[in-house]
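Engineer:
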Amino acid sequence: MEANSIPTELSEILKKARRVVAITGAGISAESGVPTFRGKDGLWKSFRAEDLATPWAFERDPALVWKWYDWRRGLIAKARPNAGHLALAEMEKRYPEFTLITQNVDGLHRKAGSHKVIEIHGNLWRVRCTAEEKIFYLEDVPLPEIPPHCSCGALVRPDVVWFGESLNPMLIQESQRALATCDLLFVVGTSGIVQPVASFPAIAKQSGAYIVEINPEPTPISAIASISLKGKSGEILPELLKTQSIQ
Ligand code: OAD
Numbered sequence: 007m008e009a010n011s012i013p014t015e016l017s018e019i020l021k022k023a024r025r026v027v028a029i030t031g032a033g034i035s036a037e038s039g040v041p042t043f044r045g046k047d048g049l050w051k052s053f054r055a056e057d058l059a060t061p062w063a064f065e066r067d068p069a070l071v072w073k074w075y076d077w078r079r080g081l082i083a084k085a086r087p088n089a090g091h092l093a094l095a096e097m098e099k100r101y102p103e104f105t106l107i108t109q110n111v112d113g114l115h116r117k118a119g120s121h122k123v124i125e126i127h128g129n130l131w132r133v134r135c136t137a138e139e140k141i142f143y144l145e146d147v148p149l150p151e152i153p154p155h156c157s158c159g160a161l162v163r164p165d166v167v168w169f170g171e172s173l174n175p176m177l178i179q180e181s182q183r184a185l186a187t188c189d190l191l192f193v194v195g196t197s198g199i200v201q202p203v204a205s206f207p208a209i210a211k212q213s214g215a216y217i218v219e220i221n222p223e224p225t226p227i228s229a230i231a232s233i234s235l236k237g238k239s240g241e242i243l244p245e246l247l248k249t250q251s252i253q
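As structure tokens, this is what we get:
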């Protein structure tokens, strides 16, 4: 999609919007070389989430879980933000209110320069002690010790949300507040099937926001989107930015 092929209605909306939210999923990082979960080469095609991304898996075999997370940290350490991440960081500067809600744990939005980021599924570089809830950052790849331990002797775990766990209620509230008052919502690179984020677009819809979905494939969100732009976010988002000199 090129800037001159963006429908007039959408370019007007992009110019007039004031309170903007973007929800992102694994697809935004695909062009940075980070695997998605459910695509053709998605992680859940080769790995079982039950063995690697649940509290029970960690209890049963923390070393196996950590090896998998360490492997993913290695992939992500090599990844750089792509044009889609950079366009969203630029939008944060241009719009008076801009909130980015990401399901990704790769930290690439912050690397791209986004500041107001709600990492609703956590962050792969952050770990927490299983005994004291103490949070710290592990930058080393590979980890010197697997599974890693806290100075208190307890195991540490990735500070990410696993299947069967609740999301941080404060982050949910903060997201809901932004969604309930936004006039424009971007839904980028998510299959739209993992709750509670899958229900977030409906909150914005209810309050009358214009919803732009960006994804090469249709998703359950497409049904409520005002417009579905089919393609890669690293190509479409920079084009949207070009039309978007705010009035
Ligand atoms: P998925 O892997 O389920 O979906 C990725 C989406 O990105 C798909 O709809 C693709 O069509 C789309 N996509 C692929 N390449 C793209 C590109 N270049 N530009 C735009 N879109 C592209 O990932 P998520 O929806 O993020 O949770 O998955 C949600 C959650 O499920 C993840 O956060 C993770 C996972 O299990 C936990 O681990 C808790």
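Residue numbers are given in this note's numbering: position 218 of the sequence shown equals residue 224, and the series is strictly consecutive.
Backbone N, C-alpha and C fix where the C-beta goes; we use that ideal spot for every residue, glycine too.
Predicted model, so just to flag it, every value in this text is computed and none were measured.
1. What's the call for Thr-14, buried or exposed, on a 16-neighbour Cβ count within 10 Å?
2. On the criterion of 16 or more Cβ atoms from any shown chain inside 10 Å, does Asp-47 qualify as buried, or is it exposed?
3. Please name the residue in His-91, Pro-226, Asp-189 whose C-alpha comes closest to that of Leu-16.
4. Is any heavy atom in the ligand OAD found nearer than 7 Å to the beta carbon of Glu-223?
5. Compute the Euclidean distance between the alpha carbons of Asn-88 and Ile-126, then round it to the nearest angstrom.
6. At what residues does the alpha helix (DSSP H) containing Asp-313 begin and finish?
7. Evaluate Gly-237 with the Cβ neighbour count: other Cβ atoms within 10 Å of its Cβ, from every protein chain shown; 16 or more gives buried, anything less gives exposed.
8. Can you tell me which residues form a DSSP beta bridge with Asn-129?
9. Consult DSSP for Phe-192 and reduce its assignment to one of helix, strand or coil.
10. Would you kindly work out how many angstroms separate the C-alpha atoms of Arg-227 and Val-27, rounded to a whole number?
11. Can Ala-59 be considered in contact with the ligand OAD, in the sense that its beta carbon sits closer than 7 Å to one or more heavy atoms?
12. Can you tell me the Cα-Cα spacing of Gln-253 and Leu-243, whole angstroms?
13. With distance defined between alpha-carbon atoms, name the residue in Ile-34, Trp-72, Glu-138, Val-194 nearest to Ala-231.
14. Return the chain-ordered list of same chain residues with a C-beta closer than 6 Å to the C-beta of Cys-156, the five sequence neighbours on each side being excluded.
15. For a quick check, are the C-beta atoms of Asp-165 and Arg-116 less than 8 Å apart?
16. Are the Cβ atoms of Leu-191 and Pro-202 separated by less than 8 Å?
17. Name the DSSP bridge partner or partners of Ala-28?
18. Compute the Euclidean distance between the alpha carbons of Lys-73 and Ser-213, then round it to the nearest angstrom.
Structural biologist: With the given structure in hand:
1. What you label residue 14 is simply residue 8 of the sequence shown in a count that begins at 1. Result: exposed.
2. On the sequence shown, position 41 is the one that residue 47 refers to. Classification of Asp-47: exposed, given that the 10 Å Cβ count is below 16.
3. Position 10 of the sequence shown, counting from 1, holds the residue named residue 16. Out of His-91, Pro-226, Asp-189, Asp-189 has the C-alpha closest to the C-alpha of Leu-16.
4. The residue given as residue 223 occupies position 217 in the sequence shown. Taking 7 Å as the cut-off, the C-beta of Glu-223 counts as close to a heavy atom of the ligand OAD.
5. For the purposes of this step, residue 88 is taken as the residue at position 82 of the sequence shown. For the purposes of this step, residue 126 is taken as the residue at position 120 of the sequence shown. Those two C-alpha atoms are separated by around 21 Å.
6. Here the chain has residues from 7 to 253 only, and residue 313 is not among them.
7. Translated into positions along the sequence shown, residue 237 becomes position 231. Result: exposed.
8. In the sequence shown, the residue the question calls residue 129 occupies position 123. Note: Asn-129 sits in a beta bridge opposite Asp-165.
9. The residue labelled residue 192 in the question sits at position 186 within the sequence shown. Strand at Phe-192.
10. Taking the first residue of the sequence shown as 1, we reach residue 227 at position 221. Taking the first residue of the sequence shown as 1, we reach residue 27 at position 21. What sits at residue 227 in the sequence shown is Ile, not Arg. Distance between the alpha carbons of Ile-227 and Val-27 is about 15 Å.
11. The residue given as residue 59 occupies position 53 in the sequence shown. Yes, since a heavy atom of the ligand OAD falls inside the 7 Å radius drawn around the Cβ of Ala-59.
12. The residue labelled residue 253 in the question sits at position 247 within the sequence shown. The residue labelled residue 243 in the question sits at position 237 within the sequence shown. Note that Gln-253 has pLDDT 45, beneath the 50 cutoff, so the model's placement of it is unreliable and the number below is only indicative. Each residue's Cα considered, the two are about 19 Å apart.
13. If you number the sequence shown from 1, residue 231 lands on position 225. Checking every option, the nearest Cα to that of Ala-231 belongs to Val-194.
14. Mapped onto the sequence shown, residue 156 falls at position 150. Counting only Cβ-Cβ distances below 6 Å, and skipping sequence neighbours, we find Cys-135, Val-162.
15. Taking the first residue of the sequence shown as 1, we reach residue 165 at position 159. Taking the first residue of the sequence shown as 1, we reach residue 116 at position 110. Contact flag unset, no.
16. Locating residue 191 in the sequence shown gives position 185, counting from the first residue. Locating residue 202 in the sequence shown gives position 196, counting from the first residue. In this structure, Pro-202 does not lie closer than 8 Å to Leu-191 by Cβ.
17. Translated into positions along the sequence shown, residue 28 becomes position 22. BP columns for Ala-28 point to Leu-106, Phe-192.
18. The residue labelled residue 73 in the question sits at position 67 within the sequence shown. The residue labelled residue 213 in the question sits at position 207 within the sequence shown. Near 44 Å, if we compare the C-alpha coordinates of Ser-213 and Lys-73.
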